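Asks: Here the protein sequences come in this chain order: X and F.
Oh and the first sequence: position 269 is 268 in numbering that gives the first Met the number 0, straight run, nothing missing.
Oh and the second sequence: position 199 is 198 in numbering that gives the first Met the number 0, straight run, nothing missing.
Where a beta carbon is used, it is the ideal one built from N, C-alpha and C, also for glycine.
Source: prediction; values computed, not measured.
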Amino acid sequence: MRRALLISIALISLSAISLSLGATEVAQSWRYIFDPFNNLDSPAHQIIWQIRAPRIAAAILVGAALGIAGVLAQGSTNNPLADPAILGTSAGASLGVLVGVLFNIASIGSVAAVLCAAIGALLATLLTFSLARSALQLITIGIGVSAILTAIVGLTITVISRPDARSISFWSFGSLALVTPSALVILAPVLVVAAALAWKIAPSLDLLSLGDASVKHIGHDGQRIRWKAFLILATLVAVTVSIVGSIAFLALAAPHIARFLNGPRNRSLIFYAGVVGALILLIADTAARALVPPYELPIGLLTSLLGAPILIFTLKKGGDVWR
Amino acid sequence: MALIEITNLNIKLGNRLVVNNFSATLSAGTITAIIGPNGSGKSTLIAALAGDLPVSSGSIAIDGVGINTMSLRETAALRSVVLQSRNYWLAYSVREVIAMGQGPAEIARIDLVLDQLDMASFADQSVTTLSGGQAQRVEIARALIRDSDIYLLDEPLSAQDSSSKERIIQVLQDLRASGKTIVVIAHSEVSALDWCDQLFNLGS
């Protein structure tokens, strides 16, 4: 409980710090942060509450969604290397959005894009799931499906010539720069419902860690549990990819760091991996927009640069967290 | 109380006939040992009895009902299984692993079973830090907290020291006395299996 409180306070504090940082320096930014109704029409207020705040909220929501997606991926495949990218889910969502944008039925961050991403994510996950005969095959076949879909997305983005090609390319590498407040209206409720469903099936994911035979021997169906987890995972990935593109490494690292913080139980992981994912993405995005203004650094590289050392440290120091 | 009838059972794995025309009747209130050299089909047979493997021909019936006609929940209600393989990669405690997926009635029996198998001293220890014998007892405990008519155990004594072996054998004998049907795969010499009621040698 104390750890949960501390990590939550860290997230809130970092959010406040992140509000004060950015390409444009805002004098006396703390006045606007701690008094949101101060001088509503001033440029400083607009920078902090209309430009930075939605982006910070998006970083927190997307980071939490990816952290929870990682828990579901690793729990359902019983494999510490699993993440939505490895299962083909992220690449399927990317292809779905790209098809939607190219056929002018969606724009990035819109409800239509979320639906396109959901269809792509579900079809890719279904393909991986239907071809695999075991939890291990899910990973190997998922890597194959992901590689094919990622190549299609990459080649398509390279050859297209249209006015919004640059923003599509920017999105494909993952960026929070294109987030709009309306996207948050989609993201927040989806995250809340998905997190609640993930919390509900979490004890079944604990059971899956003992292997499918042990699950079957007490009357549960491992594949059925996996399906439920994959549906929730695909929904989370679809909504995040459609808004901010594919962000590397976060879904892999957050569950491991969360296990180090509070053990392997999946119910606690849903909370801890969510907060850890939010923290990493918030720090990475703040660095992406504040380190070399007015340029924006690629967020995926920063999440890797930040998350990987923490992951390595936690696994080295984690003792018997997992072997 | 459960009667297991195995009739002319053949099981193929790939092109290899692993279980060849095996028949047996396993009565309630008995302990049956299945022995044989490596590769003789002992684990395959117990997997088929557990309903984990389809049979190529022949049949397995429990109280006259074919095991292949039962649902997942029906077979789970009838039998508990102890596997040889253990798959602990996450640091759950012993108590947590035993409780996983179980109902309130089973969870209420955990302390009793921990005591029966002399596991109380490492009940709150992480399963990733256990010795082979301790981990094997965790699997046995997972089976024993369930009140089943049939207990299928794949080499439950292979990693145990002599005092733990005696404890486990005593627990199995108590289950036999209460009318349970018990099948044990063993590598022991026949002379070391005098606590069993019947013995099948798949190598002969």
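Helix, strand or coil for residue 133/X? Go by DSSP, reduced to three states.
Replies: In the structure shown, residue 133/X sits in coil (DSSP, three-state: anything other than H, G, I, E or B).
Asks: With distance defined between alpha-carbon atoms, name the residue in 310/X, 217/X, 146/X nearest to residue 91/X.
Replies: Nearest of 310/X, 217/X, 146/X to residue 91/X, Cα basis: 146/X.
Asks: Quick check on the burial criterion: 16 or more other C-beta atoms within 10 angstroms. Buried or exposed for residue 193/F?
Replies: Exposed: under 16 other Cβ atoms inside 10 Å.
Asks: Candidates 308/X, 240/X, 213/X, 286/X: which alpha carbon is nearest residue 252/X's?
Replies: Nearest C-alpha to residue 252/X: 308/X.
Asks: Per DSSP, residue 161/X is paired with what?
Replies: Partner(s): none; residue 161/X has no beta bridge.
Asks: Measure the C-alpha to C-alpha separation of residue 224/X and residue 25/X and round it to an integer number of angstroms.
Replies: Approximately 50 Å between the Cα atoms of the pair.
Asks: What's the C-alpha gap between residue 58/X and residue 160/X?
Replies: Whole-angstrom Cα-Cα distance: 30 Å.
Asks: Measure the C-alpha to C-alpha separation of residue 17/F and residue 69/X and round it to an integer number of angstroms.
Replies: Between residue 17/F and residue 69/X, the C-alpha separation is close to 40 Å.
Asks: Quick check on residue 150/F: does DSSP put it in helix, strand or coil?
Replies: In this structure, residue 150/F counts as strand in the three-state DSSP scheme.
Asks: If you draw a straight line from the alpha carbon of residue 74/F to that of residue 216/X, how long is it in whole angstroms?
Replies: Their Cα atoms are separated by approximately 8 Å.
Asks: Taking a cut of 8 Å between CB atoms, which residues from the region 196-218 of chain X lie near chain F?
Replies: Flagged, chain order: 202, 203, 205, 206, 208, 209, 210, 212, 213, 214, 215, 216, 217, 218.
Asks: With the cut-off set at 9 Å, would you say residue 80/X and residue 73/X are in Cβ contact?
Replies: Against a cut-off of 9 Å, the Cβ pair of residue 73/X and residue 80/X comes out as a contact.
Asks: Is residue 21/F helix, strand or coil when you go by DSSP?
Replies: Correct three-state label for residue 21/F: strand.
Asks: Report the option in 271/X, 175/X, 264/X whose CA atom is closest to the CA atom of residue 338/X.
Replies: There is no way to answer for residue 338/X, as the model of chain X reaches only from 0 to 322.
Asks: Residue 100/F CB to nearest chain X CB: under 9 Å?
Replies: So yes, residue 100/F belongs to the interface.
Asks: Anyone know if the C-beta pair for residue 98/X and residue 239/X falls short of 9 Å?
Replies: The answer is no: Cβ separation not under 9 Å.
Asks: Output yes or no for whether 9 Å exceeds the beta carbon distance between residue 77/F and residue 147/F.
Replies: In contact: residue 77/F and residue 147/F (Cβ atoms closer than 9 Å).
Asks: Look at the Cβ atom of residue 47/X, then the Cβ atom of residue 274/X, and state whether they are nearer than 9 Å.
Replies: Result no, Cβ atoms of residue 47/X and residue 274/X do not sit closer than 9 Å.
Asks: Can you find a CB in chain X that lies within less than 9 Å of the CB of residue 51/F?
Replies: Closer than 9 Å to some Cβ of chain X, the Cβ of residue 51/F qualifies, so yes.
Asks: Compute the beta-carbon to beta-carbon distance between residue 303/X and residue 247/X, rounded to the nearest angstrom, for a pair I have assumed lies under 8 Å.
Replies: The pair is a contact, with the Cβ atoms about 6 Å apart (cut-off 8 Å).
Asks: Leaving aside the five residues before and after residue 201/X along the sequence, list all residues of the same chain whose C-beta is less than 7 Å from its C-beta, in chain order.
Replies: Correct list, in chain order: 265, 266, 269.
Asks: Hey, does residue 93/F have any beta-carbon neighbour from chain X nearer than 9 Å?
Replies: Chain X contact via Cβ: absent.
Asks: Work out the CA separation of residue 37/F and residue 5/F for me, nearest whole Å.
Replies: Between residue 5/F and residue 37/F, the C-alpha separation is close to 22 Å.
Asks: In the structure shown, what three-state DSSP assignment does residue 259/X receive?
Replies: In the structure shown, residue 259/X sits in a helix (DSSP, three-state: H, G or I).
Asks: Let me know if residue 0/F comes out buried or exposed under the rule of 16 or more other beta-carbons within 10 Å of its beta-carbon.
Replies: Answer is exposed; the Cβ neighbour count stays below 16.
Asks: Any contact of the region 158-174 of chain X with the region 184-193 of chain X, i.e. 3+ C-beta pairs under 8 Å?
Replies: The region 158-174 of chain X vs the region 184-193 of chain X: no contact.
Asks: Using only CA atoms, which one of 206/X, 107/X, 121/X lies nearest to residue 176/X?
Replies: Checked all of 206/X, 107/X, 121/X; the closest Cα to residue 176/X is 107/X.
Asks: Cα separation between residue 89/X and residue 305/X?
Replies: Between residue 89/X and residue 305/X, the C-alpha separation is close to 21 Å.
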